[in-house]
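Here is the structure we will look at, set down as structure tokens.
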DNA sequence: CTATCCTAGTGCGTGCGTTT
DNA sequence: AAACGCACGCACTAGGATAG
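Residue numbers (our numbering): 24 to 311.
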């Protein structure tokens, strides 16, 4: 198979694997790019009998290496870490064409963070990409029984998983628009009523811009916080509703640049979680 | 005071028994 | 026969104790 054809065939798959591993659009693209460079430079391609497995192996192992070298940095990450958001109408985003939107949800990616690098790789390859254990074994360089055990433990670790993310529908988008309007109007009662009592607000500024360092708990605190923040935004800020990581969301633009990407989790007709990314490094890929 | 040795705790891989 | 859960045992780590 030609490298170019392999690129068209496997790039979406490899990107979605790398993105879920890393939570970073730019790093995922770099690693996928590198993998194809290696494939192109391989002296004897006929020796590579399974191009898909070969590419998966390179990408997985590069991701594991990247995570290990980033582990130290992550320890000193300022505030809450959130994945780089994927905004749905970004036509460069190939992962959207793949099913399983819940596996790119912010909640899912945050849960993956709790796993070790290898656990994450095994879990994704098995749960999301339905590889069998023999293939996974050769990718991560462990025995297949071991991979089964790693998967078993990883799944157990994901067990205390909060309520799963419901897929977007028109209803939750309309709900979100109503909520945003209530915030803009400064309607404290309505904002409060639309939030679950035990809602949580996560914010990632990466220590570079103003952001809440710790998650904000309870409808009460979140409502107050949002109404406080909204008065500080400049008058020329504009708002657009988008799908962010498969969930209803919105972007806030100031002077033609995206400054905030917010996504929401709506459970039982109320907002349960809000994720706000304002770290400029994590919005770069959207502003190019 | 320091060095090394011991032990309790934890994490991880293997293999066996069970299920489908 | 393949997939799965579980328990066992090995290896590594940290914290404490004892000897030098």
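The beta carbon of each residue, even a glycine, is placed where N, CA and C say it ideally should be.
Length of the line joining the Cα atoms of residue i and residue j
i: residue 145; j: residue 244; result: 38 angstroms
i: residue 265; j: residue 163; result: 36 angstroms
i: residue 154; j: residue 173; result: 14 angstroms
i: residue 58; j: residue 150; result: 23 angstroms
i: residue 191; j: residue 274; result: With a pLDDT of 49 at residue 191, under the threshold of 50, the modelled position of that residue is not reliable, and the figure given next carries that caveat. Rounded to whole angstroms, residue 191 to residue 274 spans 16 angstroms at the Cα level.
i: residue 167; j: residue 32; result: 27 angstroms
i: residue 102; j: residue 220; result: 23 angstroms
i: residue 195; j: residue 256; result: 25 angstroms
i: residue 111; j: residue 42; result: 15 angstroms
i: residue 296; j: residue 258; result: 26 angstroms
i: residue 131; j: residue 276; result: 26 angstroms
i: residue 177; j: residue 279; result: 42 angstroms
Whole-angstrom C-beta distance between residue j and residue i, which should lie under 8 angstroms
i: residue 313; j: residue 44; result: Given that the chain is displayed from residue 24 to residue 311, the structure contains no residue 313 and the question cannot be resolved.
Simplified DSSP assignment, three categories, for residue i
i: residue 280; result: strand
i: residue 218; result: strand
i: residue 25; result: coil
i: residue 155; result: coil
i: residue 119; result: With a pLDDT of only 47 at residue 119, under the threshold of 50, the placement of this residue in the model should not be trusted; the figure read from the coordinates follows. DSSP places residue 119 in helix when its eight states are reduced to three.
i: residue 83; result: helix
i: residue 204; result: helix
Contact set for residue i: own chain, Cβ-Cβ below 7 angstroms, skip 5 residues either direction
i: residue 61; result: 81
i: residue 308; result: 48, 49, 107
i: residue 91; result: 140
i: residue 53; result: none
i: residue 181; result: 134
8 angstroms Cβ shell around residue i - same chain, five flanking residues per side excluded
i: residue 231; result: 302, 303, 304
i: residue 215; result: 242, 243, 246
Residue i, buried or exposed, once every other Cβ within 10 Å from all chains shown has been counted against 16
i: residue 271; result: buried
i: residue 237; result: exposed
i: residue 109; result: buried
Proximal residues to residue i (C-beta, below 6 angstroms), its chain only, five neighbours per side dropped
i: residue 253; result: 206
i: residue 240; result: 223
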